[in-house]
Amino acid sequence: MRATAVRRTALAASAAALALLATACGGTSDADKKDDKDAAGGGSSAPKTPAKALTAAELEKATLAQGDVKGRKVTKAGPADEVPADGVTVDKEACLPVAHAMYGVAQKGSVATTKRKVIDEPKAGAKKSLEDLADGEAEDAFKDAFDLTSTFVALNSYEGTAGPDAFAALKKAAAECAGGFTATVAGTPTKVASITEEKVTGGDEAAAWTVTSEDDGDKAPFKLVALRKEGAVATFFSFNLAAAGGDVKFEVPAEVVAAQDKKLA
(Lines of atoms letter the chains of each structure in order from A and count residues from 1; the text may use other names and numbers.)
(Lines give C-alpha, C1' and ligand atoms only; values in the text may rest on other atoms or scores of the structure.)
Protein backbone atom coordinates (compact mmCIF):
# COMPACT_ATOMS: atom_id res chain seq x y z
CA MET A 1 0.00 0.00 0.00
CA ARG A 2 1.33 3.46 -0.92
CA ALA A 3 2.54 5.77 1.85
CA THR A 4 -0.25 8.19 1.03
CA ALA A 5 -2.77 5.38 1.28
CA VAL A 6 -1.37 4.35 4.64
CA ARG A 7 -1.78 7.90 5.93
CA ARG A 8 -5.30 8.02 4.61
CA THR A 9 -6.11 4.69 6.23
CA ALA A 10 -4.81 6.01 9.54
CA LEU A 11 -6.92 9.13 9.07
CA ALA A 12 -10.02 7.06 8.41
CA ALA A 13 -9.35 4.79 11.37
CA SER A 14 -8.95 7.66 13.80
CA ALA A 15 -11.88 9.60 12.39
CA ALA A 16 -14.08 6.53 12.35
CA ALA A 17 -13.24 5.64 15.92
CA LEU A 18 -14.46 9.09 16.89
CA ALA A 19 -17.44 8.95 14.55
CA LEU A 20 -18.69 5.69 16.00
CA LEU A 21 -18.92 7.19 19.47
CA ALA A 22 -22.56 7.32 20.45
CA THR A 23 -23.84 10.28 22.42
CA ALA A 24 -26.24 10.87 25.26
CA CYS A 25 -29.66 12.06 24.23
CA GLY A 26 -30.30 14.82 26.76
CA GLY A 27 -29.76 18.54 26.56
CA THR A 28 -30.19 21.18 23.89
CA SER A 29 -28.12 24.20 23.00
CA ASP A 30 -29.01 27.60 21.62
CA ALA A 31 -27.99 26.24 18.24
CA ASP A 32 -30.50 23.41 18.64
CA LYS A 33 -33.26 25.92 19.34
CA LYS A 34 -32.32 27.93 16.28
CA ASP A 35 -32.28 24.81 14.11
CA ASP A 36 -35.66 23.70 15.42
CA LYS A 37 -37.11 27.10 14.62
CA ASP A 38 -35.57 27.13 11.14
CA ALA A 39 -36.77 23.57 10.46
CA ALA A 40 -40.31 24.80 9.92
CA GLY A 41 -39.20 25.82 6.42
CA GLY A 42 -36.31 23.39 6.11
CA GLY A 43 -37.47 21.54 3.00
CA SER A 44 -39.08 18.44 4.48
CA SER A 45 -41.75 16.96 2.22
CA ALA A 46 -43.62 15.56 5.22
CA PRO A 47 -46.94 17.06 6.31
CA LYS A 48 -46.77 18.76 9.70
CA THR A 49 -49.16 16.36 11.40
CA PRO A 50 -48.57 15.09 14.93
CA ALA A 51 -47.11 11.59 15.24
CA LYS A 52 -47.27 9.35 18.28
CA ALA A 53 -43.77 8.57 19.46
CA LEU A 54 -42.70 4.94 19.73
CA THR A 55 -42.06 3.93 23.34
CA ALA A 56 -38.63 2.70 24.38
CA ALA A 57 -39.87 -0.90 24.17
CA GLU A 58 -41.42 -0.36 20.74
CA LEU A 59 -38.30 1.36 19.47
CA GLU A 60 -36.14 -1.51 20.66
CA LYS A 61 -38.26 -3.95 18.65
CA ALA A 62 -37.93 -1.71 15.60
CA THR A 63 -34.15 -1.50 15.91
CA LEU A 64 -31.73 -3.58 13.84
CA ALA A 65 -30.60 -6.84 15.43
CA GLN A 66 -28.19 -9.61 14.48
CA GLY A 67 -29.54 -11.47 11.45
CA ASP A 68 -31.49 -8.51 10.05
CA VAL A 69 -28.78 -7.60 7.50
CA LYS A 70 -27.18 -10.38 5.49
CA GLY A 71 -23.40 -10.44 5.66
CA ARG A 72 -23.22 -7.92 8.51
CA LYS A 73 -22.66 -8.21 12.22
CA VAL A 74 -25.00 -6.06 14.33
CA THR A 75 -24.08 -5.15 17.91
CA LYS A 76 -25.38 -2.72 20.50
CA ALA A 77 -23.38 0.42 21.20
CA GLY A 78 -21.94 0.24 24.70
CA PRO A 79 -20.92 2.69 27.42
CA ALA A 80 -17.48 3.09 25.86
CA ASP A 81 -19.16 4.50 22.73
CA GLU A 82 -20.90 7.32 24.56
CA VAL A 83 -19.86 10.96 24.77
CA PRO A 84 -21.90 13.89 26.15
CA ALA A 85 -24.30 15.46 23.68
CA ASP A 86 -23.03 18.90 24.62
CA GLY A 87 -19.50 17.74 23.81
CA VAL A 88 -20.14 18.19 20.07
CA THR A 89 -19.29 21.72 18.91
CA VAL A 90 -18.90 23.28 15.47
CA ASP A 91 -17.22 26.36 14.07
CA LYS A 92 -20.35 27.16 12.03
CA GLU A 93 -23.60 27.12 14.01
CA ALA A 94 -25.69 26.22 10.96
CA CYS A 95 -23.76 22.93 10.61
CA LEU A 96 -24.62 21.56 14.07
CA PRO A 97 -27.41 19.22 12.84
CA VAL A 98 -24.91 17.53 10.51
CA ALA A 99 -22.37 17.09 13.31
CA HIS A 100 -25.11 15.73 15.57
CA ALA A 101 -26.15 13.21 12.88
CA MET A 102 -22.51 12.13 12.45
CA TYR A 103 -22.25 11.37 16.15
CA GLY A 104 -25.77 10.04 16.69
CA VAL A 105 -27.05 12.93 18.81
CA ALA A 106 -30.82 13.10 19.23
CA GLN A 107 -32.59 16.39 18.55
CA LYS A 108 -35.21 18.26 20.57
CA GLY A 109 -38.39 16.22 21.03
CA SER A 110 -36.74 12.80 21.18
CA VAL A 111 -38.30 10.48 23.76
CA ALA A 112 -36.33 7.27 23.15
CA THR A 113 -33.09 6.25 21.42
CA THR A 114 -31.33 3.06 20.36
CA LYS A 115 -27.85 2.76 18.83
CA ARG A 116 -26.22 -0.02 16.88
CA LYS A 117 -22.96 -0.80 15.07
CA VAL A 118 -23.29 -2.68 11.79
CA ILE A 119 -20.05 -4.10 10.38
CA ASP A 120 -19.40 -6.09 7.20
CA GLU A 121 -18.35 -9.68 7.74
CA PRO A 122 -14.84 -10.32 6.30
CA LYS A 123 -14.74 -11.54 2.70
CA ALA A 124 -13.71 -15.15 2.10
CA GLY A 125 -10.28 -14.16 0.78
CA ALA A 126 -9.56 -11.99 3.78
CA LYS A 127 -10.07 -14.96 6.11
CA LYS A 128 -7.31 -17.05 4.51
CA SER A 129 -3.88 -17.29 6.13
CA LEU A 130 -0.84 -16.18 4.14
CA GLU A 131 0.22 -19.83 3.82
CA ASP A 132 -3.08 -20.69 2.09
CA LEU A 133 -2.89 -17.90 -0.47
CA ALA A 134 -1.82 -18.64 -4.02
CA ASP A 135 0.67 -16.47 -5.91
CA GLY A 136 -0.86 -13.06 -6.63
CA GLU A 137 -3.63 -13.47 -4.06
CA ALA A 138 -1.84 -11.75 -1.19
CA GLU A 139 -2.43 -8.20 -2.44
CA ASP A 140 -6.12 -8.86 -3.11
CA ALA A 141 -6.51 -10.45 0.33
CA PHE A 142 -4.83 -7.45 1.92
CA LYS A 143 -7.30 -5.11 0.16
CA ASP A 144 -10.21 -7.34 1.16
CA ALA A 145 -9.12 -7.13 4.80
CA PHE A 146 -9.57 -3.35 4.67
CA ASP A 147 -12.63 -3.36 2.38
CA LEU A 148 -15.10 -3.50 5.25
CA THR A 149 -17.80 -0.91 5.85
CA SER A 150 -18.81 -0.02 9.41
CA THR A 151 -22.03 1.88 10.04
CA PHE A 152 -23.19 3.55 13.23
CA VAL A 153 -27.00 3.64 13.38
CA ALA A 154 -28.91 5.88 15.78
CA LEU A 155 -32.69 5.47 15.86
CA ASN A 156 -34.70 8.15 17.63
CA SER A 157 -38.41 8.32 18.43
CA TYR A 158 -39.93 11.82 18.36
CA GLU A 159 -43.18 13.32 19.61
CA GLY A 160 -45.55 15.30 17.39
CA THR A 161 -43.85 17.07 14.49
CA ALA A 162 -40.37 16.87 16.05
CA GLY A 163 -39.37 13.98 13.76
CA PRO A 164 -40.13 15.81 10.49
CA ASP A 165 -38.58 18.94 11.99
CA ALA A 166 -35.33 17.12 12.84
CA PHE A 167 -35.15 15.60 9.37
CA ALA A 168 -35.78 18.96 7.72
CA ALA A 169 -33.16 20.67 9.89
CA LEU A 170 -30.55 18.09 8.84
CA LYS A 171 -31.31 18.53 5.13
CA LYS A 172 -31.12 22.30 5.49
CA ALA A 173 -27.81 22.13 7.35
CA ALA A 174 -26.27 19.73 4.81
CA ALA A 175 -27.14 22.13 1.99
CA GLU A 176 -25.85 25.19 3.83
CA CYS A 177 -22.62 23.45 4.89
CA ALA A 178 -21.72 21.86 1.55
CA GLY A 179 -18.46 23.82 1.60
CA GLY A 180 -17.37 22.24 4.88
CA PHE A 181 -16.95 22.99 8.58
CA THR A 182 -15.04 21.73 11.62
CA ALA A 183 -16.61 19.61 14.36
CA THR A 184 -14.90 19.07 17.70
CA VAL A 185 -15.62 16.20 20.10
CA ALA A 186 -13.74 15.67 23.36
CA GLY A 187 -11.22 18.28 22.29
CA THR A 188 -10.43 16.54 18.99
CA PRO A 189 -11.33 18.50 15.83
CA THR A 190 -12.48 16.82 12.63
CA LYS A 191 -12.41 18.95 9.48
CA VAL A 192 -15.22 18.31 7.03
CA ALA A 193 -14.00 19.45 3.61
CA SER A 194 -17.27 19.00 1.73
CA ILE A 195 -20.75 17.53 1.78
CA THR A 196 -22.29 16.23 -1.46
CA GLU A 197 -25.75 14.78 -1.91
CA GLU A 198 -26.26 11.08 -2.71
CA LYS A 199 -29.32 9.06 -3.74
CA VAL A 200 -31.26 6.90 -1.30
CA THR A 201 -34.88 5.82 -0.87
CA GLY A 202 -37.01 4.59 2.01
CA GLY A 203 -39.48 5.51 4.73
CA ASP A 204 -41.69 8.56 4.39
CA GLU A 205 -38.57 10.45 3.33
CA ALA A 206 -34.84 9.78 3.14
CA ALA A 207 -31.67 11.68 2.26
CA ALA A 208 -27.99 10.82 1.93
CA TRP A 209 -24.65 12.54 1.54
CA THR A 210 -20.94 11.87 1.13
CA VAL A 211 -19.14 13.67 3.94
CA THR A 212 -15.45 14.11 3.09
CA SER A 213 -13.07 14.69 5.99
CA GLU A 214 -9.58 16.14 5.56
CA ASP A 215 -6.38 16.04 7.59
CA ASP A 216 -3.09 17.53 6.34
CA GLY A 217 -4.33 17.32 2.77
CA ASP A 218 -5.40 13.67 3.00
CA LYS A 219 -9.11 13.12 2.44
CA ALA A 220 -11.41 10.29 3.53
CA PRO A 221 -15.05 9.78 2.46
CA PHE A 222 -17.87 8.91 4.84
CA LYS A 223 -21.54 8.26 4.06
CA LEU A 224 -24.33 9.91 6.04
CA VAL A 225 -27.96 8.85 5.65
CA ALA A 226 -31.18 10.01 7.31
CA LEU A 227 -34.40 7.99 7.14
CA ARG A 228 -37.74 9.10 8.60
CA LYS A 229 -40.82 6.93 9.13
CA GLU A 230 -43.62 8.84 10.86
CA GLY A 231 -42.12 10.06 14.15
CA ALA A 232 -38.99 7.89 14.03
CA VAL A 233 -35.74 9.15 12.49
CA ALA A 234 -32.72 6.93 11.86
CA THR A 235 -29.28 8.25 10.99
CA PHE A 236 -26.51 6.12 9.51
CA PHE A 237 -22.83 7.14 9.46
CA SER A 238 -20.47 4.84 7.55
CA PHE A 239 -16.78 4.53 6.75
CA ASN A 240 -14.60 2.09 4.83
CA LEU A 241 -10.85 1.80 5.40
CA ALA A 242 -10.07 0.70 1.85
CA ALA A 243 -12.01 3.67 0.47
CA ALA A 244 -9.95 5.95 2.70
CA GLY A 245 -6.83 4.52 1.09
CA GLY A 246 -8.22 5.14 -2.38
CA ASP A 247 -8.32 1.43 -3.26
CA VAL A 248 -12.10 1.07 -3.57
CA LYS A 249 -15.21 3.21 -3.86
CA PHE A 250 -17.85 2.41 -1.29
CA GLU A 251 -21.51 3.25 -1.64
CA VAL A 252 -24.31 4.39 0.65
CA PRO A 253 -25.14 1.39 2.93
CA ALA A 254 -28.38 0.72 1.05
CA GLU A 255 -28.94 -2.77 2.48
CA VAL A 256 -28.55 -1.53 6.04
CA VAL A 257 -30.95 1.36 5.36
CA ALA A 258 -33.45 -1.00 3.71
CA ALA A 259 -33.30 -3.41 6.66
CA GLN A 260 -33.99 -0.58 9.14
CA ASP A 261 -36.79 0.73 6.92
CA LYS A 262 -38.39 -2.72 6.89
CA LYS A 263 -38.36 -2.97 10.68
CA LEU A 264 -40.00 0.45 10.97
CA ALA A 265 -42.77 -0.46 8.51
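In the numbering used here, each number is its position in the sequence shown, counted from 1, plus 1111.
All residues carry an ideal CB built from backbone N, CA and C; glycine is no exception.
Query: First and last residue of the uninterrupted beta strand (DSSP E) at residue 1335; Result: 1329 to 1340
Query: Close Cβ partners of residue 1200 (< 6 Å) along its chain, the five nearest in sequence each way excluded; Result: 1295
Query: Residue 1229 beta carbon less than 8 Å from that of residue 1379; Result: For the chain, the structure presents residues 1112 to 1376; residue 1379 sits outside this window and is missing.
Query: Per DSSP, the bridge partner or partners of residue 1272; Result: None, per the DSSP bridge assignment.
Query: Endpoints, the beta strand (DSSP E) within which residue 1300 is located; Result: 1299 to 1309
Query: Inter-residue spacing [alpha-carbon to alpha-carbon] between residue 1184 and residue 1320; Result: 23 Å
Query: Residue 1376 versus residue 1328: straight-line alpha-carbon distance, rounded; Result: 43 Å
Query: Residue 1302 to residue 1315 span [Cα, whole Å]; Result: 31 Å
Query: For residue 1362, the three-state DSSP class (helix, strand or coil); Result: coil
Query: Classification of residue 1343 by the beta-carbon crowding that lies within 10 angstroms, buried from 16 upward; Result: buried
Query: Through-space distance from residue 1326 to residue 1163, alpha-carbon basis; Result: 43 Å
Query: CB of residue 1258 within 8 Å of CB of residue 1359, strictly; Result: yes
Query: Residues bridged to residue 1265 [DSSP beta-bridge criterion]; Result: 1226 and 1346
Query: Alpha carbon of residue 1203 to alpha carbon of residue 1275, nearest angstrom; Result: 23 Å
Query: Range of the contiguous alpha helix (DSSP H) that encloses residue 1172; Result: 1167 to 1172
Query: Rounded C-alpha distance that separates residue 1350 from residue 1260; Result: 6 Å
Query: Coil, strand or helix - residue 1184 by DSSP; Result: strand
Query: Distance between beta carbons of residue 1335 and residue 1212, contact taken as under 8 Å; Result: 6 Å
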